[in-house]
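Okay, so here's the structure we're looking at.
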Amino acid sequence: MTTQQKRAVVLLSGGLDSSTVLGIATRRDGYTCAALSFRYGQRHTVELDRAAQIARHFGAEHRIIDINLGSFGGSALTDETITVPTDGADDGVIPPTYVPGRNTVFIAIGLSLAEAIGAERIYLGINAVDYSGYPDCRPEYLEAYQHLANLATKAGLEGHGAALVAPLLHMTKVDIVNAALELGVPVDVTWSCYQGGTEPCGVCDSCRIRDRALTEAGHPELASRPAQLAADSGLTS
Ligand SMILES: [Zn+2]
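If you count the sequence shown from 1, position 118 lands on 118 in the UniProt record's numbering, and the numbers rise without skipping.
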């Protein structure tokens, strides 16, 4: 018999953050991972193709769950009639790219999968430092959800419920880039852009945060557009 494998569920969007988390779960923490992605009615499904590639890269099983939050609308990411902002984020304002209840729904499904397969942990890529002001990316949100998870599952009542683990929660985006490179995340495969298309737009909030971090970490060549090009077109922030 082989030794028992430690199992974990990793919510994987295909972006830089969740891909780094999959690297942490597999390579640093030694878990056998089930990567979980959602076809939730987002503007584009480039990220799902990228998620599949990242899961393969780290030897994780990959599942895509269909849950059409787009039928509710209410977000620039799920409703084509709401524009994705491209001129930077305002402090203290939750941007229109917030998807109503998205993390709450996704983690609930992750919790179900984790209990079904006996996973010890659910890894999440949420980050409370360089983020866009989303309410479901905060430490107090995570704590409350852990409390719910412990109450809500048979495994939790038996004392071996899945732990919600968010290794990037207090990391800066530059720290995340450095961790990604150390863990061998194929950064060029990850897709963080809110928009679809064949190339990242370079001007949505997600691209801006990512590109700035890549540049500050000394890897401008990995940014969605070279810094000089962005400066020339007045798009740096
Ligand atoms: Zn973008």
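Here a beta-carbon is modelled for each residue, glycine too, at the ideal position from N, C-alpha and C.
The beta-carbon separation of R7 and E143, rounded to 23 Å, does not stay under the 8 Å limit for a contact.
Excluding sequence positions up to five before and after I122, its CB lies within less than 6 Å of the CB of V9, G110, A114, A162, L164, all in the same chain and listed in chain order. At the C-beta level, L11 and F106 come within 7 Å of one another. Looking from the CA of R56, the closest CA among P85, G88, C33 belongs to C33. Put simply, the backbone Cα of D91 is about 11 Å away from that of Y134.
Taking the Cβ of Q195 as the reference point, at least one heavy atom of ligand 1 falls within a distance shorter than 6 Å. In the DSSP assignment, the residues bridged to V9 are A34, I122. Contact annotation: the region 144 to 160 does not touch the region 191 to 208, with fewer than three C-beta pairs closer than 8 Å. Closest option to R39, judged by alpha-carbon separation, among R50, Y31, D29: R50. When DSSP states are grouped into helix, strand and coil, E158 belongs to the coil group. For V174, the enclosing alpha helix (DSSP H) covers residues 173 to 182.
With contacts defined by Cβ atoms closer than 7 Å, V177 and A217 form a contacting pair. In the DSSP annotation of this structure, the continuous segment of the beta strand (DSSP E) that includes H62 starts and ends at 61 to 66.
Contact between V187 and L16 holds, with the beta-carbon distance rounding to 7 Å and staying under 8 Å. V93 has its alpha-carbon roughly 30 Å from the corresponding atom of I65.
Fully contained in the region 197 to 222 are the following alpha helix (DSSP H) runs of length 4 or more, in chain order: 205 to 216.
Taking 7 Å as the cut-off, the Cβ atoms of R27 and L183 count as close.
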